[in-house]
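Student: Residue numbers (the working numbering), protein chains in the order written: chain A, 1 to 454; chain B, 1001 to 1454. Don't be surprised by glycine CBs; every beta carbon is placed ideally from N, CA and C. This structure is a prediction, so every number in the text was calculated from the model and none was measured.
2 protein chains.
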Amino acid sequence: MSEENVKYLLPESDIPTHWVNLLPDLPGDPIPPLHPGTLQPAGPDDLAPLFPMALILQEVSPEPEIEIPEPVREVYKLWRPSPLFRARRLERELDTPAHIYYKYEGVSPAGSHKPNTAVAQAYENAQAGIKRLATETGAGQWGSALAFACSLFGLECEVFMVGSSYDQKPYRRSMMETWGATVHRSPSELTDSGRANEEHPTGSLGIAISEAVEVAASRDDTNYSLGSVLNHVCLHQTVIGQEAIAQMAMAGEQPDVVIGCVGGGSNFAGLTFPFIRDVLRSGAKTRFLAAEPAACPTLTRGVYRYDFGDTAGLTPLMPMYTLGHDFVPPPVHAGGLRYHGDAPMLCGLVRGGVVEARAYGQNETFEAAVRFARSEGIIPGPEPAHAIRAVLEEADAAKQAGEERVILLGLSGHGHFDLAAYDAFLAGRLEDPEFSAEDMEAALGRLPEAPAIA
Amino acid sequence: MSEENVKYLLPESDIPTHWVNLLPDLPGDPIPPLHPGTLQPAGPDDLAPLFPMALILQEVSPEPEIEIPEPVREVYKLWRPSPLFRARRLERELDTPAHIYYKYEGVSPAGSHKPNTAVAQAYENAQAGIKRLATETGAGQWGSALAFACSLFGLECEVFMVGSSYDQKPYRRSMMETWGATVHRSPSELTDSGRANEEHPTGSLGIAISEAVEVAASRDDTNYSLGSVLNHVCLHQTVIGQEAIAQMAMAGEQPDVVIGCVGGGSNFAGLTFPFIRDVLRSGAKTRFLAAEPAACPTLTRGVYRYDFGDTAGLTPLMPMYTLGHDFVPPPVHAGGLRYHGDAPMLCGLVRGGVVEARAYGQNETFEAAVRFARSEGIIPGPEPAHAIRAVLEEADAAKQAGEERVILLGLSGHGHFDLAAYDAFLAGRLEDPEFSAEDMEAALGRLPEAPAIA
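1. Roughly how many angstroms separate the alpha carbons of residue 1286 of chain B and residue 1237 of chain B, rounded to a whole number?
2. Under a Cβ-count criterion, where at least 16 other Cβ atoms within 10 Å of its own Cβ denotes burial, should residue 1020 of chain B be classed as buried or exposed?
3. Cβ of residue 1005 of chain B less than 8 Å from any chain A Cβ?
4. Establish whether the CB of residue 1392 of chain B and some CB of chain A are separated by less than 8 Å.
5. Return the chain-ordered list of same chain residues with a C-beta closer than 7 Å to the C-beta of residue 6 of chain A, the five sequence neighbours on each side being excluded.
6. The beta strand (DSSP E) with residue 359 of chain A in it runs from where to where?
7. Taking the beta strand (DSSP E) that residue 1415 of chain B falls in, what are its first and last residues?
8. Where does residue 1202 of chain B sit, in a helix, a strand or coil, going by DSSP?
9. Can you look up residue 256 of chain A in the DSSP assignment and give me helix, strand or coil?
10. Here's a check: name, in chain order, each residue in its chain whose Cβ is nearer than 7 Å to the Cβ of residue 1436 of chain B, leaving out the five neighbours to either side.
11. Should residue 296 of chain A and residue 329 of chain A be called a contact, given that it needs their Cβ atoms to be closer than 8 Å?
12. Please find out if some non-hydrogen atom of the ligand FMN comes closer than 7 Å to the beta-carbon of residue 169 of chain A.
13. Which chain B residues sit within Cβ distance under 8 Å of residue 177 of chain A?
14. Judging by CA-CA distance, which residue of A:80, A:389, A:98, A:224 is the nearest neighbour of residue 121 of chain A?
15. Name the chain A residues that come within less than 9 Å of residue 1430 of chain B, Cβ to Cβ?
16. Closer than 8 Å, CB to CB, is residue 1361 of chain B near chain A or not?
17. Can the beta-carbon of residue 1034 of chain B be found closer than 8 Å to that of residue 1317 of chain B?
18. Counting C-beta neighbours from all protein chains within 10 Å, is the total for residue 192 of chain A 16 or more, i.e. buried, or is it exposed?
19. Would you say residue 261 of chain A and residue 412 of chain A are within 8 Å of each other, going by their C-beta atoms?
20. Does the CB of residue 1109 of chain B have a neighbour CB from chain A at under 8 Å?
21. Beta-carbon separation of residue 42 of chain A and residue 52 of chain A under 8 Å?
22. For chain A, find out if any of its Cβ atoms is closer than 8 Å to the Cβ of residue 1277 of chain B; answer yes or no.
23. Would you tell me roughly how many angstroms separate the C-alpha atoms of residue 1257 of chain B and residue 1289 of chain B, rounded to the nearest one?
24. Which residues bound the beta strand (DSSP E) around residue 18 of chain A?
25. Can you tell me which of B:1128, B:1176, B:1449 puts its alpha carbon nearest to the alpha carbon of residue 1151 of chain B?
26. Is it a yes or a no for the stretch 128-138 of chain A touching the stretch 153-163 of chain A, going by three-plus beta-carbon pairs under 8 Å?
27. To which residues of the same chain is residue 82 of chain A closer than 8 Å at the C-beta, ignoring the five residues directly before and after it?
28. List the residues of chain A whose Cβ lies closer than 8 Å to the Cβ of residue 1011 of chain B, in chain order.
29. Quick one: grab the DSSP three-state call for residue 236 of chain A.
30. At 7 Å on the CB atoms, spell out the chain A contacts of residue 1378 of chain B, in chain order.
31. Report yes or no: do the stretch 1167-1184 of chain B and the stretch 413-420 of chain A share at least 3 C-beta pairs separated by less than 8 Å?
32. Expressed to the nearest angstrom, what Euclidean distance is found between the alpha-carbon atoms of residue 1127 of chain B and residue 1247 of chain B?
33. Which residue's Cα is closest to the Cα of residue 1182 of chain B: B:1371, B:1451, B:1194, B:1212?
34. Check each residue of the stretch 160-194 of chain A: if its Cβ is closer than 7 Å to any Cβ of chain B, include it; give the result in chain order.
35. Taking all protein chains shown into account, decide if residue 1320 of chain B is buried (16 or more other Cβ within 10 angstroms of its Cβ) or exposed.
36. Confirm, please, whether the CB-CB distance from residue 293 of chain A to residue 457 of chain A is below 8 Å.
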């Protein structure tokens, strides 16, 4: 046993030099976003009021790889390459022949994968002479990451935090303030979008996005920053999967199935897109499994349509699985997964059958998380706990089949700010909200007028 | 800049195989602990009701190195070797010629250095057939570490948590419970020691120790576990310093000064003892600097005397700097530093002039911590924030002298459960309690009858 590796570490020199852009490898022509007013394909100029041109060019780039600016790689060195673990203790606990690996992004200062893109976005905005970034945050992971990144590049940071998370996680707010950010509870009184949603006191990501976009659009020195969904955000996260490929090679194995949680999709994209590129090019048989909450089951129950990214309808229309842009999910503790849509690139892969999706209830998710904590030590965030639930299913399937399958899990962050949720679970006080047929009918009725997608 | 290393990582195979026992290298004869009843030197048998014999033998061992059991090294692989960072961003922020390095123990599942000994203690107790460990915790770091370690070796864990920390940090309690531990607020109604201290509702480490010792002494299947002070605890922490020596060699530098915070002393011992052994053997000029809170200034204001380790006087008398065994420090946020005494080995080194000590107020400490967080990203625990304060002073001294001095900081843990304290600091609501002449006079009056120390 003493000679068995538990983790696989890469040196700083192996931090990727490029991000992987999956766009040119996807089959068929890209489906463009539409301008919310004209319903015509939205071009770079339509995004210029919100984003610096360097990020807009990344958003639409046809290049298969995009170089990572050296100052961004320098910041990545604070925590990257992140470790890949072999979950030997969990395997023994499950008595499974499966080999379970997990790529752990909780080692970043903000505690999740989010700084991978926050640092890139803060850098490009600072280069463009922008003074302030406005954003939303659900669980607080994204707001923390952007606050951290802004502190390193001398930018101000203004965060609209979804009301239910603001109340559940006061210390996420303190964390953002420690890094120098300003935090508002959303819906707030500061914006039209906030004032229009007073009847939703728990808030939603969609509302908070509208508030941040409104602030950014109204000030010349302020840009907007999004923590998921968009192509350039998925792009920045691909450092995860590239490192994981190198680390799995160190371990001498190839994953049979790669599993991650999905809120807006950037964590899942970051882990899987480099693997998916290899699969698309080689025809390999790797499976990809996206885990989402039953209370907000975008990929498993949503419809594939053009919809807005935010509640107020300020963003371009994007082709995606959606529960309707003004759907307000129940306040489950996986705040980072409470989003009505998903990254268009990921939705295309689900539609094309490359990625499977499953939805899990809140209690079964926390049960999996506690099991993981008591064997592997790390207390997972509620978001990746959904992926852990899927890992337990896959490990059991391997046991039933008597096969030594290789499972790779994306453990996107720790749960240090989610212990009130663990407390509720351990006390039997956790609810299991479901998405109902009535919810679905209402969602369909709220979809905007837009062209059908071929 | 792109070729500069930010961190220095060792492979799992470089986790130390032995702990460093400084005892045989210390000048003069060891000063024995005394039995609390007879005042005669306490032997291994006196400790047998509380500890397994394997740990007692480590406590009194004359061997310079003690082999680490393989199952303990296996668990260490979950986070060890821990990273050594070069604080290049902090150096630029301070505009200092000093080279600042920090050894970061916050990567452990419990978030501090404490699991280094918790795992070793849980393992030896499980080997000895013990079913349950009882312990105290101040900031919650130690209780979390022992809860984590017990979950890996199938032991029950019962934690008495100092009242002020229990109130300030509810999520530390949830963390321990997630790993399966039972947590009591101290002083509790469950023990004589707890009931006798109802007039101290904020509690103290001394009271909580008495409660845990009482529980362990009264049950055959239960042992006591201490997170600091004792020789075997300092011993287990020396994996930190051994790794740091190897990592500083990778960086091609030797520290001119090594800085850590001191509560009971195990963190400081773990980082410095391997370096101190080299200094004692070679006569090198390295300085060692211990940072403690002005509200509980054991090393800088205490008297060097025999005193009890706990409030009720249940433990052996130990030779140490003490503020009196029933001193109840003000409820500062560095809960892990609220202890009336310090590790006897460390106290001997302070008395012998090998280690310097300095005390810092709460606000200047948090000011240093925020400065660190905004440059290096990591939000430090309030305990190591004291050491960061000392680093800022040393970096400034290097600047004044125009010298390229090498500073090594022990960053013993993160502050993810201390953000209420950061919140209070940022809002200007943090108090700065001082230790007064009246406190000192009262402490001297409470010291037990015991032989003078030569």
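Tutor: Inspection of the coordinates gives the following:
1. Counted from its first residue, the second sequence places residue 1286 of chain B at position 286. Counted from its first residue, the second sequence places residue 1237 of chain B at position 237. One C-alpha to the other measures close to 20 Å.
2. Indexing the second sequence from 1 puts residue 1020 of chain B at position 20. Its Cβ being crowded by 16 or more others within 10 Å, residue 1020 of chain B is buried.
3. Residue 1005 of chain B sits at position 5 when you count from the first residue of the second sequence. With 8 Å as the cut-off, residue 1005 of chain B counts as an interface residue toward chain A.
4. Position 392 of the second sequence, counted from the first residue, corresponds to residue 1392 of chain B. Answer no: the Cβ-Cβ gap between residue 1392 of chain B and chain A never drops below 8 Å.
5. Within the first sequence, numbered from 1, the residue matching residue 6 of chain A stands at position 6. 85, 86, 88, listed in sequence order.
6. Within the first sequence, residue 359 of chain A is the residue found at index 359, counting from 1. For residue 359 of chain A, the uninterrupted beta strand (DSSP E) run begins and ends at 356-360, by DSSP.
7. What you label residue 1415 of chain B is simply residue 415 of the second sequence in a count that begins at 1. Residue 1415 of chain B -> no beta strand (DSSP E), and no H or E assigned at all.
8. Mapped onto the second sequence, residue 1202 of chain B falls at position 202. It is coil, neither helix nor strand.
9. As a first step, residue 256 of chain A must be located in the first sequence, where it is residue number 256. In the three-state DSSP reduction, residue 256 of chain A falls in the coil class, being neither helix nor strand.
10. The residue given as residue 1436 of chain B occupies position 436 in the second sequence. Cβ neighbours of residue 1436 of chain B beyond the five flanking positions: none.
11. Position 296 of the first sequence holds residue 296 of chain A. Position 329 of the first sequence holds residue 329 of chain A. In contact: residue 296 of chain A and residue 329 of chain A (Cβ atoms closer than 8 Å).
12. Looking for the ligand FMN in the displayed structure turns up nothing, as the structure carries no ligands at all.
13. Counting from one through the first sequence, the residue named residue 177 of chain A turns up at place 177. Ordered by position in chain B, the residues that pass the 8 Å Cβ test against residue 177 of chain A are 1422, 1423, 1426.
14. Indexing the first sequence from 1 puts residue 121 of chain A at position 121. Checked all of A:80, A:389, A:98, A:224; the closest Cα to residue 121 of chain A is A:224.
15. Residue 1430 of chain B sits at position 430 when you count from the first residue of the second sequence. Result: empty, since nearest Cβ-Cβ is about 13 Å, beyond 9 Å.
16. Mapped onto the second sequence, residue 1361 of chain B falls at position 361. No - not a single Cβ of chain A is within 8 Å of the one on residue 1361 of chain B.
17. Here the question's residue 1034 of chain B lines up with position 34 in the second sequence. Here the question's residue 1317 of chain B lines up with position 317 in the second sequence. Between residue 1034 of chain B and residue 1317 of chain B, the C-beta gap is smaller than 8 Å, which places the two residues in contact.
18. Along the first sequence, read from residue 1 onward, the residue named residue 192 of chain A stands at position 192. Result: exposed.
19. If you number the first sequence from 1, residue 261 of chain A lands on position 261. If you number the first sequence from 1, residue 412 of chain A lands on position 412. Cβ distance < 8 Å, so residue 261 of chain A and residue 412 of chain A count as in contact.
20. Translated into the one-based positions of the second sequence, residue 1109 of chain B becomes position 109. By this cut-off, residue 1109 of chain B is an interface position.
21. Residue 42 of chain A sits at position 42 when you count from the first residue of the first sequence. Residue 52 of chain A sits at position 52 when you count from the first residue of the first sequence. Cβ atoms of residue 42 of chain A and residue 52 of chain A: not closer than 8 Å.
22. Looking up residue 1277 of chain B in the second sequence gives position 277. No, its Cβ sits nowhere closer than 8 Å to a Cβ of chain A.
23. Along the second sequence, one-based indexing puts residue 1257 of chain B at 257. Along the second sequence, one-based indexing puts residue 1289 of chain B at 289. So the two alpha carbons sit approximately 7 Å from each other.
24. Indexing the first sequence from 1 puts residue 18 of chain A at position 18. Residues 18-20.
25. Locating residue 1151 of chain B in the second sequence gives position 151, where the first residue counts as 1. Considering only alpha carbons, the answer is B:1176.
26. yes
27. In the first sequence, residue 82 of chain A corresponds to position 82, counting from 1. Excluding positions up to five away in sequence, the list reads 103, 104, 105, 107, 108, 240, 243.
28. Mapped onto the second sequence, residue 1011 of chain B falls at position 11. What residue 1011 of chain B touches in chain A: 9.
29. On the first sequence, residue 236 of chain A is found 236 positions in, with the first residue counted as 1. Residue state, collapsed to three classes: helix.
30. One-based indexing of the second sequence puts residue 1378 of chain B at position 378. Neighbours of residue 1378 of chain B on chain A, chain order: 109.
31. yes
32. In the second sequence, counting from the first residue as 1, residue 1127 of chain B sits at position 127. In the second sequence, counting from the first residue as 1, residue 1247 of chain B sits at position 247. If you take the alpha carbons of residue 1127 of chain B and residue 1247 of chain B, they lie about 33 Å apart.
33. On the second sequence, position 182 is the one that residue 1182 of chain B refers to. Nearest C-alpha to residue 1182 of chain B: B:1212.
34. 171, 174, 175, 177, 178, 179, 180
35. The residue labelled residue 1320 of chain B in the question sits at position 320 within the second sequence. Under this definition residue 1320 of chain B is a buried residue.
36. Here chain A has residues from 1 to 454 only, and residue 457 of chain A is not among them.
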